[in-house]
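Contents: one structure, followed by commentary.
Number of protein chains: 2
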Amino acid sequence: MGRGGDADAMPDEFSLIERLFEPLAGPEGLGLRDDAAVLTPLPGRDLVLTKDAIAEGRHYLSSDPPDTVAKKLIRVNLSDLAAKGATPRGYLLSCAWSAETPLDWMEAFAGGLKDDQSKFGLSLWGGDTIRVSGPSVFSLTAIGDVPSGQMVTRAGAAAGDDLWVTGTIGDGALGLLAAQGDYGATEPEDRDYLISRYRLPQPPVAFGGKLAGLASAALDVSDGLLGDLDHLCAASQVGARVDRSAIPLSQAFATCLASDEKYWELVYGGGDDYQILFAASSKQRSTIESHAGEAGIRVHRIGALTDDHVNGVQVAGSDGQVQQFSRWGYRHF
Amino acid sequence: MGRGGDADAMPDEFSLIERLFEPLAGPEGLGLRDDAAVLTPLPGRDLVLTKDAIAEGRHYLSSDPPDTVAKKLIRVNLSDLAAKGATPRGYLLSCAWSAETPLDWMEAFAGGLKDDQSKFGLSLWGGDTIRVSGPSVFSLTAIGDVPSGQMVTRAGAAAGDDLWVTGTIGDGALGLLAAQGDYGATEPEDRDYLISRYRLPQPPVAFGGKLAGLASAALDVSDGLLGDLDHLCAASQVGARVDRSAIPLSQAFATCLASDEKYWELVYGGGDDYQILFAASSKQRSTIESHAGEAGIRVHRIGALTDDHVNGVQVAGSDGQVQQFSRWGYRHF
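Put into structure tokens, the structure is as follows:
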């Protein structure tokens, strides 16, 4: 674990690492007392690596509780590993703390990391901590593994495959609106639920570990359902037909939608769900449902892949009408 | 490669990744078109992972050329791999660009990455890019490998081992002063040299790859020679005696030192050298010198390790006087 080369803050940063992060270190991290982590890969396994950063005021609100910021940072990365069929093993972390960050905020942040390490079975291997004059930025590299050659990519789906999604869609984006107070007449408990989904994504990590060798293609829903589906279609050279009524919505989201149809936009393009969108042969239905049951999560079949690669993603409404999305789905130009 | 969940900037960030980073991707990065990188580890090799971030105004100056910022980011990480005896393979990168960063700055930054990828033999595997309202922060995770069980730690040195350092010491810290204009009567070419050393550390990457199985302990000199040496001593439970006159200095640094003894402080505690400080049995002298010759770098024996763990680091001057450094060497309290 490095100090970031900042001589004036040196004792601080060393103490910080010792106090906050050493208790989180796995054996690969050598107590965070060396310059690097060392990993002896397991035979017959490939490593899967992903890296996502979050910034204050951009991916989380300054008023968000620090433990949920830490958990969000871990989970936005674990959703990528889960979507690749990987089991998480460890992570490296860069903390660029804003100058104003008090120690108790940092301690609560480390507490959030600790909770999620236990929950998801990974440990801290290294990283560094620096101070910046602007808002805080946290960057995490998560490492997982899969049986050799079995990482699930975006590119393996075939026309005719079922299209599945885990959890519910739209809660993260609506939760952000709720956290910002930009959310009308809804019951307080619904509001709390939605805000908690924005702050604390619930990626299906254990279920993701079962997707290797089962899903033909997958990715996490982070940019918006239809945009992400379009990525899968582009990579796999297929089209997709989504049955709008099959998209799983939380009760809180459905209540909101009943008051105004405009919230469909958050279902289609809201992002921040960190669920898994995946394709699989229809022969796998019972296996998929059984794995989901074991992992304690819900999966829904929301449509199927087609050979209409040219038109890409289509959504069929309950009235039978089909909406055509552009190649880039709900991307904002 | 992820987009960081920022809907408004979406087309921008996708295009940026395609334009700037896709050409840098190695096969493990899957064209940066998937959610994660996949690595099939080589049999008989351990992976070595390190992560260091740099921030604008903190680890580089806003006026520094963007290609050297990129190279500095790569090199401050490669110096850690080199000090562990590892050969670099790939990296993941998080760019948190300040809102003001223009495209041509980003392009020059990517150009710097490209140059150093070729120079040091590694490729881009993934990462993400976001915008922040404060100064830019870049975080890099570098991955290398070593023969299994042979990563060089800080902890393997024994009393009696030689103490070596690569390159020259102090140039980085003096170069920062020079870049800030805080540097007196020195020839312009010396100033240019020193600034270039601050901007562009020269970690001995190829030589580092030879240290596995050869050095008993090592680390990179990033926090300051004596402070880093103290880390090695603490981890190895030894003391050290450094011969001050043996510490390698550049001609530019020596000229400066001749004008004012105070610059010794930069030799002892200046940091930012990114050279390797290592210990090895005296039986290895000719092997070490031969590897250094092949790698085209210079190595100097600056002292030896002792069994005086209690007193830790001592420096013997040319007058025979011995200076005792505290357990934490030149750390600033």
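Top to bottom, those sequences are chains A and B. Everything in the first sequence is counted per the working numbering, starting at 1281 for the first residue and increasing by one. Everything in the second sequence is counted per the working numbering, starting at 1281 for the first residue and increasing by one. Where a beta carbon is used, it is the ideal one built from N, C-alpha and C, also for glycine. Quick caveat: nothing in here was measured; it's all calculated off a predicted structure.
**Message:** Less than 8 Å between C-beta atoms, sequence neighbours within five positions excluded: which residues of the same chain meet that for residue 1531 of chain B?
**Reply:** Only 1470 meet the Cβ criterion.
**Prompt:** Which residues in the same chain as residue 1319 of chain B place their Cβ atom closer than 7 Å to its Cβ, once the five residues preceding and following it in sequence are excluded?
**Reply:** Cβ neighbours of residue 1319 of chain B beyond the five flanking positions: 1308.
**Request:** Report, in whole angstroms, the separation of the C-beta atoms of residue 1329 of chain B and residue 1317 of chain A, which I expect to be a contact under 8 Å.
**Result:** Taking a contact as a CB-CB distance under 8 Å, the pair residue 1329 of chain B and residue 1317 of chain A counts as one, their CB atoms being some 5 Å apart.
**Prompt:** Considering only residues of the same chain and omitting the five flanking positions on each side of residue 1474 of chain A, which have a CB-CB separation below 7 Å?
**Reply:** Excluding residues within five positions, the ones whose Cβ falls inside 7 Å are 1451, 1454, 1455, 1458, 1532.
**Request:** Mark residue 1322 of chain A as exposed unless 16 or more other C-beta atoms lie within 10 angstroms of its C-beta, in which case mark it buried.
**Result:** Label assigned to residue 1322 of chain A: exposed.
**Request:** Name, going along the chain, the residues of the segment 1291 to 1313 of chain A whose beta-carbon falls closer than 9 Å to a beta-carbon of chain B.
**Result:** When CB distances to chain B are screened at a threshold of 9 Å, the residues of the segment 1291 to 1313 of chain A falling below it are 1291, 1294, 1308, 1310, 1313, in chain order.
**Prompt:** Just curious, the alpha helix (DSSP H) that residue 1527 of chain B is in, first and last residue?
**Reply:** Where residue 1527 of chain B is concerned, there is no enclosing alpha helix (DSSP H), given that its DSSP letter is neither H nor E.
**Request:** Return the residue from the list B/1445, B/1312, B/1394, B/1460 that minimises the CA-CA distance to residue 1341 of chain B.
**Result:** Residue 1341 of chain B has its Cα closest to that of B/1460, out of B/1445, B/1312, B/1394, B/1460.
**Against chain B: residues of the segment 1353 to 1374 of chain A by CB proximity under 8 Å** = Listed in sequence order: 1356, 1360, 1361, 1363, 1364, 1366, 1372, 1373, 1374.
**Message:** Please state whether the Cβ-Cβ distance between residue 1296 of chain B and residue 1421 of chain A is less than 8 Å.
**Reply:** Here residue 1296 of chain B is not near residue 1421 of chain A, since their CB atoms are 8 Å or more apart.
**Prompt:** Residue ranges of each alpha helix (DSSP H) run of no fewer than 4 residues wholly in the segment 1404 to 1469 of chain A, ordered along the chain?
**Reply:** For the alpha helix (DSSP H) assignment, the uninterrupted runs of no fewer than 4 residues enclosed by the segment 1404 to 1469 of chain A are, from N- to C-terminal side, 1451 to 1459.
**Member of B/1403, B/1384, B/1414 whose CA lies at the smallest distance from the CA of residue 1336 of chain A** = When each option's Cα is compared against that of residue 1336 of chain A, the closest is B/1414.
**Message:** Please classify residue 1526 of chain B as buried or exposed, where buried requires at least 16 neighbouring CB atoms within 10 angstroms.
**Reply:** Label assigned to residue 1526 of chain B: exposed.
**Message:** Suppose you measure from the CA of residue 1286 of chain A to the CA of residue 1412 of chain A; what does that come to, to the nearest Å?
**Reply:** Because residue 1286 of chain A sits at a pLDDT of 45, beneath the cut-off of 50, its placement in the model cannot be relied upon, and the following sentence gives the value as read from the coordinates. Going from the Cα of residue 1286 of chain A to the Cα of residue 1412 of chain A covers about 11 Å.
**Cα-Cα separation between residue 1410 of chain A and residue 1338 of chain B, rounded to whole angstroms** = Approximately 9 Å, taken between the alpha carbons.
**Message:** When you compare the CB positions of residue 1434 of chain B and residue 1497 of chain B, do they come within less than 8 Å of one another, or not?
**Reply:** In this structure, residue 1434 of chain B lies near residue 1497 of chain B, with their beta-carbon atoms less than 8 Å apart.
**Asked** Are residue 1425 of chain A and residue 1486 of chain A closer than 8 Å when you measure CB to CB?
**Response** Judged by their CB atoms, residue 1425 of chain A and residue 1486 of chain A are not nearer to each other than the 8 Å cut-off.
**Request:** Leaving out five residues on either side along the sequence, give the residues of the same chain with a beta carbon under 7 Å from the beta carbon of residue 1369 of chain A.
**Result:** Around residue 1369 of chain A: 1402, 1423, 1424, 1425.
**Item:** Interface partners of residue 1331 of chain B on chain A, CB under 7 Å
**Value:** Here the neighbours are 1372, 1374, 1406, 1407, 1408, 1421.
**Request:** Would you kindly work out how many angstroms separate the C-alpha atoms of residue 1597 of chain B and residue 1548 of chain B, rounded to a whole number?
**Result:** So the alpha carbons of these two residues sit roughly 13 Å apart.
**Message:** Going by C-alpha to C-alpha distance, which of A/1584, A/1505, A/1583, A/1555 sits closest to residue 1545 of chain A?
**Reply:** Checked all of A/1584, A/1505, A/1583, A/1555; the closest Cα to residue 1545 of chain A is A/1505.
**Message:** Using the Cβ count rule (16 or more neighbours within 10 Å means buried), how would you classify residue 1393 of chain A?
**Reply:** Residue 1393 of chain A comes out buried.
**CA-to-CA distance, residue 1529 of chain B to residue 1604 of chain B, given in whole angstroms** = Approximately 21 Å, taken between the alpha carbons.
**Item:** Close-in-space but distant-in-sequence residues of the same chain around residue 1562 of chain A (CB under 6 Å, 5 per side omitted)
**Value:** Only residues of its own chain outside the window of five on either side were considered, and among them 1442 have a CB closer than 6 Å to the CB of residue 1562 of chain A, listed in chain order.
**Request:** Give the DSSP-derived three-state secondary structure of residue 1299 of chain B in the structure shown.
**Result:** The answer is helix: DSSP assigns residue 1299 of chain B an H, G or I state.
**Message:** Our contact map puts residue 1575 of chain A next to residue 1494 of chain A with C-beta atoms below 8 Å; I'd like the distance itself, whole angstroms only.
**Reply:** Taking the Cβ atoms as the reference, residue 1575 of chain A lies roughly 13 Å from residue 1494 of chain A, outside the contact range of under 8 Å.
**Prompt:** Looking only at its own chain, which residues have a Cβ that is under 8 Å from the Cβ of residue 1519 of chain B, when we skip the five neighbours before and after it?
**Reply:** In its chain, beyond the 5 residues on either side, 1439, 1513, 1585, 1586, 1587, 1588, 1589, 1590, 1591, 1592, 1593, 1594 have a beta carbon closer than 8 Å to the beta carbon of residue 1519 of chain B.
**Message:** For chain A, check one thing: does any of its Cβ atoms lie closer than 8 Å to the Cβ of residue 1318 of chain B?
**Reply:** It does; some Cβ of chain A falls within 8 Å.
**6 Å Cβ shell around residue 1374 of chain B - same chain, five flanking residues per side excluded** = Answer for residue 1374 of chain B: 1407, 1408, 1419, listed in chain order.
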